[in-house]
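Q: Supplied in structure tokens, the structure appears directly below.
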Amino acid sequence: MDLQVFNKAETIAVSDDKIATYQRLARAGLPIPKTIVSPKVFLQHDLEKFSYTEAVIKELGFPMIVKEAFGSFGEQVHLIQEKSGLLDIIRRLHGKPFMFQEFIQTSYGTDVRLQVVGNRVVAAMKRIARDDFRANVTAGASMEPYHPTYTEEKLAVAAAKTIDADFAGIDLLFGKTSPVVCEINSNAHIRNLLNCTGTNAADFIADHVLQSIQSEGVSQ
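Residues in the sequence shown are numbered consecutively from 70, following our numbering.
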């Protein structure tokens, strides 16, 4: 219908698919956890005979993360401590797209959510879990306002641009020396952000939409 939409369907589709998201981030040269996409295998064969499992262990070591391509609230993210657990989760996820990832131990139970609108970060919060490696608020993590560094803001905006998002919630992990992109949420929950920071991201999103439409109208 030739209507401008926010966000675009392709942006949402890429954001929903974590494998596609990491491919975009990697192509842009942005820092992400070391990631290996799981190949499709036929489980009538013994997993012990597949050399890729040994290659994954050698490359990532333990503990490692196994993350499903589709999911939310951290429910499809698994922390694996040993080989038997790895083989078990591979069997359980048979038929689903998933990936193996380096575990960023320096960010255990902690991350930062930065809300990007247009070309800037409008609000940010730190999330801390007491008894979980994941920092999802829905799983019980606490929140506190956060003042991102210039590097973190620049990285968050760049990450949003890799999927051509008008607005997005960018989750960053605390790497050993610098931030690492964990996820891009094209439809991030902004209620928790409002409760935590007092900033209503919806105001900034509405302004961005109006300005974009007005500038588009002028250009035409």
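Backbone N, C-alpha and C define an ideal beta-carbon position, used for all residues, glycine too.
Answer with buried or exposed for His347, where buried requires no fewer than 16 other C-beta atoms within 10 angstroms of its C-beta.
A: Outside the displayed span of the chain (70 to 289) sits residue 347, for which this structure offers no information.
Q: In chain order, which continuous runs of the beta strand (DSSP E) of length 3 or greater are located wholly inside the stretch 195-280?
A: Entirely contained in the stretch 195-280, the beta strand (DSSP E) runs reaching 3 residues are, in chain order, 211-214, 236-243 and 248-254.
Q: Going by the beta-carbon positions, is the gap between Ile101 and Ser255 smaller than 8 Å?
A: Not in contact: Ile101 and Ser255 (Cβ atoms no closer than 8 Å).
Q: Between the Cα of Gly178 and the Cα atoms of Ala271, Arg199 and Gln280, which residue gives the shortest distance?
A: Of the listed residues, the one whose Cα sits closest to Gly178 is Arg199.
Q: Taking 6 Å as the limit between beta carbons, can you name the residues of its chain near Thr13, skipping five residues before and five after?
A: Absent from the model: residue 13. The displayed extent of the chain is 70 to 289, so no value can be given.
Q: Which term fits Thr175, buried or exposed, when burial requires 16 or more other beta carbons within 10 angstroms of its beta carbon?
A: When all chains shown are included, Thr175 counts as exposed.
Q: Thinking C-alpha only, which one of His277, His163 and Ile173 is nearest Val110?
A: The option with the nearest alpha carbon to Val110 is His163.
Q: Roughly how many angstroms lie between the CA atoms of Ala190 and Thr104, to the nearest whole one?
A: The sequence shown places Val at residue 190, rather than the Ala named in the question. If you take the alpha carbons of Val190 and Thr104, they lie about 26 Å apart.
Q: Tell me the rounded alpha-carbon separation between Ala275 and Phe236.
A: Going by the C-alpha atoms only, they are around 10 Å apart.
Q: Rounded to whole angstroms, how far is the Cβ of Val250 from the Cβ of Leu72, which I believe are closer than 8 Å?
A: Between Leu72 and Val250 the Cβ distance is about 31 Å, and since that is not below 8 Å, they are no contact.
Q: Within 10 angstroms of the Cβ of Asn76, are there 16 or more other Cβ atoms? Answer buried if so, exposed if not.
A: Burial call: buried.
Q: Taking Lys136 as part of the alpha helix (DSSP H), name the residues at either end of that continuous run.
A: Counting along the chain, Lys136 falls outside any alpha helix (DSSP H), though it belongs to the beta strand (DSSP E) covering Met133 to Glu137.
Q: Over the uninterrupted beta strand (DSSP E) stretch that includes Val74, give me the two end residues.
A: Per DSSP, Val74 belongs to no beta strand (DSSP E) and is neither H nor E.
Q: Can you tell which of Arg196, Ile126 and Val181 has the C-alpha that lies nearest to the C-alpha of Glu221?
A: For Glu221, the nearest C-alpha among the options comes from Val181.
Q: Between Glu128, Ala271, Pro132 and Lys165, which lies nearest to Gln145 when the distance is taken from Cα to Cα?
A: When each option's Cα is compared against that of Gln145, the closest is Lys165.
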